Amino acid sequence: MIVDSAKIFVSSGKGGNGCLSFRREKYIAKGGPDGGDGGNGGSVILHASPDVETLLDFAGRHHWRAAKGQPGMGKNMHGKAADDLTINLPVGTLVFNDDTGELIIDLTEEGQTYVIAKGGKGGRGNDRFKTPTNQVPTEWEPGGEPEEFNIRLELKLIADIGLVGKPNAGKSTFLSAVSDATPKIADYPFTTLTPQLGIAAITGNRHLVIADIPGLIAGAHEGTGLGHQFLRHVERTRLLLHIIEIEPTDNSDPIDNYHTIRKELDAYSEILGEKPEVLALSKLDLLGTEEDQQVAIELIQDHLGSDRKIFPISSATGQGTEVLLEECWRILKDSRDRDKKGWGRDDEIDTFEKEQNDKSSEQQDD
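Residue numbers (my numbering): 22 to 387.
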């Protein structure tokens with residue numbers, strides 16, 4: 022079972038109390054104050070870790086508390102500060118205040134950290150209150166109180182590649198052929214009803230996370246056929262791999278099919294319309310001879326333009342799949358090199374805000 026949402030309680034550590042103490046040594050009648058400060062309490066820090074892929078760890082542990090700071094002592098000995106508590110979360114986790122519903126942070130970048138609950142400050146000992154007019158202070162400070170929050174974690178679908186195309190275009194077959202995923206596959210539309218994730222291994226210990234998005238149809242950007250739900254998943258991928266069935270079983274035109282999907286992507290959002298796209302012609306093995314295959318490829322190439330690079334593949338035989346994955350890797354690497362900060366926290370926040378607005382509109386319509 023993959024847990025993609027979780028509710029937890031986080032609490033920082035209380036600060037250690039300051040100490041009320043006076044120097045007591047032989048032959049020193051009035052030693053003066055020597056109460057030390059308390060140590061700071063530990064903070065709770067959220068960390069986006071590449072080593073964590075799910076929220077499963079939070080299914081059995083709901084309370085996360087940092088340690089308290091140690092109290093101050095006499096002889097001006099300060100209490101030890103508590104260690105911070107770091108909670109490792111998958112990259113792409115949304116963190117909400119569960120009491121208010123407010124989005125606190127969107128952990129979109131590997132290594133990103135956020136202090137969700139700051140530790141209480143250590144209290145001052147009475148030595149801190151000594152003044153020229155008050156040589157025997159009895160004041161001291163208690164440690165600062167901890168911060169406590171009920172938070173809700175949601176793991177977004179963030180994949181390197183999002184497979185798009187008409188229903189039954191061969192997306193699920195491709196995913197199962199290049200990864201360890203086992204999506205439901207059958208010869209009828211809408212076999213995939215929820216996004217499926219797979220990890221494709223490439224030579225050189227490289228990996229690509231691929232999401233098989235349910236097939237899109239005309240009117241998807243208006244919500245037809247669960248279109249809004251599917252397009253939201255597509256928007257969270259980094260590269261679009263558009264699968265075009267080279268000889269559709271429903272006798273539709275592959276060129277028209279391509280433009281139908283492209284229209285829906287462009288109409289849904291500017292972010293989605295501008296994502297890099299790779300084209301693949303699927304089910305090449307069904308065309309028979311190499312000559313028939315080449316004729317079909319050239320025909321589609323002529324309609325889409327000679328400047329569009331098209332990758333003919335057969336998921337059944339593996340033909341062309343390795344070359345296709347290498348091209349996807351190259352494009353993703355080039356994009357990361359252009360923007361060392363990754364794929365844009367702002368884009369992800371825009372996506373979230375758009376979803377919230379859509380939900381509000383849908384509720385008002387109801």
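All C-beta atoms, glycine included, are put in the ideal place defined by N, C-alpha and C.
These numbers come from a predicted model, not from an experiment.
Query                                                                                                                                                                                      : Result
To which residues of the same chain is THR134 closer than 7 Å at the C-beta, ignoring the five residues directly before and after it?                                                      : ILE66, LEU67, HIS68
Suppose the cutoff is 8 Å on Cβ atoms and the five residues either side in sequence are ignored; what does the same chain contact list for SER26 look like?                                : LEU76, ARG173, LEU174, GLU175, LEU176
Excluding five sequence neighbours on each side, which residues of the same chain lie with their C-beta closer than 6 Å to the C-beta of GLN156?                                           : none
Could you spell out where the alpha helix (DSSP H) holding THR281 opens and where it closes?                                                                                               : 275-289
Hey, would you say GLY62 sits closer than 8 Å to GLY34, going by beta carbons?                                                                                                             : yes
Under 6 Å Cβ to Cβ from ASP58, same chain only, skipping five residues before and after it: list those, please.                                                                            : GLY39, GLY93, HIS99, GLY143, ARG145, GLY146
Report yes or no: do the stretch 105-125 and the stretch 182-189 share at least 3 C-beta pairs separated by less than 8 Å?                                                                 : no
Identify, in the order they occur along the chain, each residue of the same chain with its Cβ nearer than 7 Å to the Cβ of GLU46, setting aside the five sequence neighbours on each side. : GLY52
Could you work out which residue in SER64, PHE43, GLU347, PRO54 is closest to GLY225 when comparing CA atoms only?                                                                         : GLU347
In terms of residue numbering, what span does the alpha helix (DSSP H) encompassing SER193 cover?                                                                                          : 192-199
So for ILE29, helix, strand or coil by DSSP?                                                                                                                                               : strand
Where does ASN278 land, buried or exposed, given buried means 16+ other C-beta within 10 angstroms?                                                                                        : buried
Per DSSP, TYR135 forms a beta bridge with which residues?                                                                                                                                  : LEU67
If you drop the 5 nearest sequence neighbours on each side, which residues of the same chain put their C-beta closer than 7 Å to that of GLU131?                                           : ALA69, PRO71, VAL112
Apart from the five residues just before and just after LYS354, which ones in its own chain have a Cβ nearer than 7 Å to its Cβ?                                                           : none
If you draw a straight line from the alpha carbon of PHE79 to that of ILE29, how long is it in whole angstroms?                                                                            : 7 Å
Alpha carbon to alpha carbon, how far is VAL31 from ALA232?                                                                                                                                : 32 Å
Going by DSSP in three states, GLU266 sits in which element: helix, strand or coil?                                                                                                        : strand
At what residue ranges does the stretch 61-120 contain a whole run of the beta strand (DSSP E), taking only runs of 3 or more?                                                             : 65-70, 84-86, 106-111, 114-118
So what's ARG145 in DSSP terms, helix, strand or just coil?                                                                                                                                : coil
So, helix, strand or coil for SER335, using DSSP?                                                                                                                                          : coil
Since ALA198 contacts GLU169 with CB under 8 Å, what's their CB separation in whole angstroms?                                                                                             : At roughly 49 Å, the Cβ-Cβ gap does not stay under 8 Å, so ALA198 and GLU169 are not in contact.
Go through its chain and collect everything with a Cβ distance to ILE206's Cβ below 7 Å, but skip five positions before and after it.                                                      : Unreliable placement is indicated for ILE206, whose pLDDT of 43 sits below 50; the coordinate value is still reported in the next sentence. SER193, THR194, SER197, THR212, listed in sequence order.
Thinking C-beta only, is GLY141 closer than 8 Å to GLU166?                                                                                                                                 : yes
Which class does SER356 belong to by DSSP, given the choice of helix, strand or coil?                                                                                                      : helix
Tell me whether the beta-carbon of ILE318 lies closer than 8 Å to the beta-carbon of PRO297.                                                                                               : no
Rounded C-beta distance between ILE352 and VAL299? I'm assuming under 8 Å.                                                                                                                 : 7 Å
Determine, using beta carbons only, whether LEU286 and CYS349 come nearer to each other than 8 Å.                                                                                          : no
Smallest Cα separation from ASN109: which of GLU74, SER336, ASN272?                                                                                                                        : GLU74
With 16 as the cutoff for other CB atoms within 10 Å, does VAL344 come out buried or exposed?                                                                                              : exposed
Less than 8 Å between C-beta atoms, sequence neighbours within five positions excluded: which residues of the same chain meet that for ILE264?                                             : LEU184, VAL185, GLY186, ALA190, GLY191, LYS192, PHE195, ALA301, SER303
How would you label TYR289, buried or exposed, when you count the other beta carbons within 10 angstroms and need 16 or more for buried?                                                   : buried
Any idea what DSSP makes of THR391, helix, strand or coil?                                                                                                                                 : With the chain represented from 22 up to 387, any question about residue 391 goes unanswered, as that position is not in the structure.
Taking the beta carbon of GLU291 as the centre, do at least 16 other beta carbons fall within 10 Å, making it buried, or is it exposed?                                                    : exposed
Going by beta carbon distance, what residues of the same chain come within less than 6 Å of HIS324, once the five residues before and after it are set aside?                              : ILE276
Measuring only the C-alpha atoms, how far is ASP55 from ASP181?                                                                                                                            : 60 Å
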